[in-house]
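For the sequence shown, the positions run 18 to 279 when my numbering is used.
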Amino acid sequence: MDEKLQRIESDKTSEIRALIRREIITLAVLFDKLLSAEIYDLWFNALHTHPKTRNLSAEQFRVGFAKIKATFKPTSACQFPTPAHFFETIEKPIACVEALVGEEAWEAALNWIRKWWHADLGVDRRAPPMDEKQRRAAMAAGGFYYLTDCTLEELQWAKKRFIENYGHQETIERDGDLIGGSEAKRILDGFRKPLPPRPLLLLPSKTAEEMRSAPEPPTASLIKEIPAFPIIVRTPESDRRTQEQIEQLKRKYPEAFKERSS
18 MDEKLQRIES
28 DKTSEIRALI
38 RREIITLAVL
48 FDKLLSAEIY
58 DLWFNALHTH
68 PKTRNLSAEQ
78 FRVGFAKIKA
88 TFKPTSACQF
98 PTPAHFFETI
108 EKPIACVEAL
118 VGEEAWEAAL
128 NWIRKWWHAD
138 LGVDRRAPPM
148 DEKQRRAAMA
158 AGGFYYLTDC
168 TLEELQWAKK
178 RFIENYGHQE
188 TIERDGDLIG
198 GSEAKRILDG
208 FRKPLPPRPL
218 LLLPSKTAEE
228 MRSAPEPPTA
238 SLIKEIPAFP
248 IIVRTPESDR
258 RTQEQIEQLK
268 RKYPEAFKER
278 SS
């Protein structure tokens with residue numbers, strides 16, 4: 018199976034190399050340019066190894082080169098297209114896709130929090146694992162408690178912070194290998210590790226049999242699902258940390274809190 022995949026990948030690489038060569042020759046004819054033999058390998062190495070273009074299909078390369086043919090205007094400073102012109106043709110579509118991906122991630126994260134998390138109870142043990150990038154972005158947006166308690170106007174600011182952080186994570190995931198410097202590498206290595214779970218203070222939970230045999234309290238209809246999973250106790254310390262986090266957000270984003278404070 019590995020040999021078959023390698024053969025498929027090799028065939029795809031050969032196809033893209035041949036396509037890039039044909040397109041460069043076409044550009045040379047269009048712009049009346051005599052090219053050196055090395056330019057084909059330079060274009061191929063630039064496009065096939067760059068994070069933004071290394072996973073493009075042959076058809077996507079054709080579309081990109083077609084756009085260069087239609088839009089490139091030779092100047093005295095630049096008489097022939099370069100790989101940078103190809104990157105420019107795909108930057109806007111990539112930005113649009115990344116914006117849509119961020120929107121979808123925001124909706125998915127918000128739905129997960131609203132369905133599986135409660136300020137007093139924590140995460141339902143039946144909850145599916147939350148996407149790690151969504152969890153990091155939610156923490157950057159203010160945390161679960163803030164996202165479920167803030168006003169609609171504050172939620173719009175939180176959404177902006179979420180999408181911004183999520184986009185940063187996507188960029189690091191795609192272009193992280195381009196980051197240099199020991200401090201930057203240390204931060205990047207830490208980013209690639211999952212966030213450690215926050216310590217939770219839990220009350221001893223009764224077994225399902227004990228719950229079934231216990232007399233039903235008057236408010237059982239309102240909290241019938243609570244005994245199914247551990248209850249998380251709010252402590253003065255946890256409330257203090259939450260308040261500190263809110264105060265930090267107020268200092269960082271004062272305009273988002275104007276309406277609420279008034």
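Beta carbons: idealized from backbone N, C-alpha and C, even for Gly. Just so you know, these numbers come straight off a predicted model, no measurement behind them.
Beta-ladder partner(s) of residue i, from DSSP
i: G184; result: According to DSSP, which records beta bridges pairwise, G184 is partnered with nothing at all.
i: G139; result: H135
Residue i versus residue j: straight-line alpha-carbon distance, rounded
i: N128; j: Q96; result: 52 Å
i: I56; j: F48; result: 15 Å
i: Q151; j: L266; result: 19 Å
i: L59; j: A125; result: 42 Å
i: S74; j: I33; result: 8 Å
i: V140; j: L36; result: 52 Å
i: I69; j: A136; result: Before going on, a small fix: residue 69 reads as Lys here, not Ile. Answer to the nearest angstrom: the Cα atoms are 40 Å apart.
i: A122; j: A87; result: 35 Å
i: A158; j: C167; result: 11 Å
i: E264; j: A175; result: 15 Å
i: Y162; j: R131; result: 10 Å
i: A63; j: V114; result: 23 Å
i: L217; j: E149; result: Bear in mind that the predicted position of L217 carries a pLDDT of just 39, short of 50, making it unreliable; the figure below should be weighed with that in mind. Cα to Cα, the separation comes out at about 19 Å.
i: I107; j: H65; result: 14 Å
i: K269; j: R178; result: 11 Å
i: E17; j: Q262; result: Missing from the structure shown is residue 17; the chain here goes from 18 to 279 and no further.
i: R71; j: K29; result: 11 Å
i: W134; j: Q173; result: 20 Å
i: E190; j: I180; result: 15 Å
i: L52; j: Q77; result: 24 Å
i: T188; j: K109; result: 15 Å
Exposure label - residue i; buried when at least 16 CB within 10 Å
i: N182; result: buried
i: Q186; result: buried
i: P98; result: buried
i: L117; result: exposed
i: A154; result: buried
i: E40; result: buried
i: L44; result: buried
i: E171; result: buried
i: I42; result: exposed
i: I111; result: exposed
i: L164; result: buried
i: E272; result: exposed
Check: residue i C-beta below 7 Å from any heavy atom of the ligand FAD
i: A122; result: Judged by which ligands are present, the structure shown has none, so any question about the ligand FAD falls away.
Q | Runs of alpha helix (DSSP H) wholly within the stretch 24-87 (minimum 4 residues, chain order) | A | Counting whole runs of 4 or more residues, the stretch 24-87 contains the alpha helix (DSSP H) stretches 56-66.
(Q) Quick check on the DSSP output: what are the complete beta strand (DSSP E) runs of length 3 or more inside the stretch 111-175, in order along the chain? (A) Counting whole runs of 3 or more residues, the stretch 111-175 contains no beta strand (DSSP E) stretch at all.
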